[in-house]
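Student:
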Amino acid sequence: MLAVLSGCSTPSDRIILLPDPEGKVGAVIVHSATGEQTINKAFAGVDVTKGGAIEKTMDSQSSVEKRYAELLAARPPRPMTFTIFFLFDSATDLAPESFATVKQLKAVLATWPAPQLVVVGHTDLAGSQDFDDRLSRRRAETVAAFLIKQGIPAQQIETAARGKREPLVRTADGVPNHMNRRVVITIQ
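Going by full-length UniProt numbering, the first residue of the sequence shown is number 1, and it counts up by one from there.
1) Starting from the Cα of Ala33, find the closest Cα among Val120, Lys50, Pro115 and Phe146 and give me that residue.
2) Grouping DSSP H, G and I as helix and E and B as strand, with all else coil, what is Ala172?
3) For Ser136, which three-state DSSP category applies?
4) Starting from the C-beta of Ser9, find all residues in its chain whose C-beta is less than 6 Å away, skip the five residues before and the five after it, and write them out in chain order.
5) Determine the burial state of Phe88: buried for a count of at least 16 other Cβ atoms within 10 Å of its Cβ, exposed for fewer.
6) Here's a check: name, in chain order, each residue in its chain whose Cβ is nearer than 8 Å to the Cβ of residue 191, leaving out the five neighbours to either side.
7) Does the distance between the C-beta of Met80 and the nearest non-hydrogen atom of the ligand HEM fall short of 7 Å?
8) Determine the direct distance from the alpha carbon of Gly35 to that of Thr159, and round the result to whole angstroms.
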């Protein structure tokens, strides 16, 4: 859900509800000095005058895209998530299926303006809590070092380690699972 708020040359503000990339919309409640109005349909909107009067509006996707093209083009990219899998008991050896993900990640980073990254390391449930905390930290640091080599400034990368606290696949404690040996990278 995204709302476009534009200060117009007319004495009013316009709020338009945009759908997310999958076409879903939430709702926005607009409050003014004289009342409130809920917007819950794609491209529906309201105009709010300086006096607080609220008037409902309805636009089409094409008219919104045409009228607000410059504003819409200035939106930052939506966050993206990549998952890199590791071999058992390793903080440096990637699982074979991760090489394609690394290639995709590099392509996205090459075009992303001023990325902020969150890098979170995880383990499976095979080791002790202390061991897995250290291993997940080393995995996150390995990926952060790779990102720095790709030209991302270190101050734009935040790392965290979850150990075995947030498994992707639930198993009994002590049971290894390759899907849980991972680093999740979120670019925003």
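Cβ coordinates follow ideal geometry from the N, Cα and C atoms, glycine included. All of these numbers come straight from a predicted model, not from anything done at the bench.
Tutor: In short, the structure shows the following:
1) In the sequence shown, counting from the first residue as 1, residue 33 sits at position 33. Minimum Cα distance to Ala33 is reached at Lys50.
2) As a working mapping, residue 172 is identified with position 172 in the sequence shown. Ala172: coil per DSSP, three-state reduction.
3) Translated into the one-based positions of the sequence shown, residue 136 becomes position 136. Ser136 falls in the helix class under three-state DSSP.
4) Start at 1 with the first residue of the sequence shown, and residue 9 comes out as number 9. The predicted model places Ser9 with a pLDDT of 45, which falls under 50 and marks its position as unreliable; any figure quoted below should be read in that light. Excluding sequence neighbours, Ser9 sits near nothing in its chain.
5) Taking the sequence shown and counting its residues from 1, the one referred to as residue 88 is at position 88. It counts as exposed.
6) Given a span of 1 to 188 for the chain in the structure shown, any question on residue 191 remains unanswerable.
7) By its list of ligands, the structure shown contains no ligand whatsoever, and the ligand HEM lies outside what it can speak to.
8) Residue numbering aside, residue 159 sits at position 159 when the sequence shown is read from its first letter. Residue numbering aside, residue 35 sits at position 35 when the sequence shown is read from its first letter. So the alpha carbons of these two residues sit roughly 45 Å apart.
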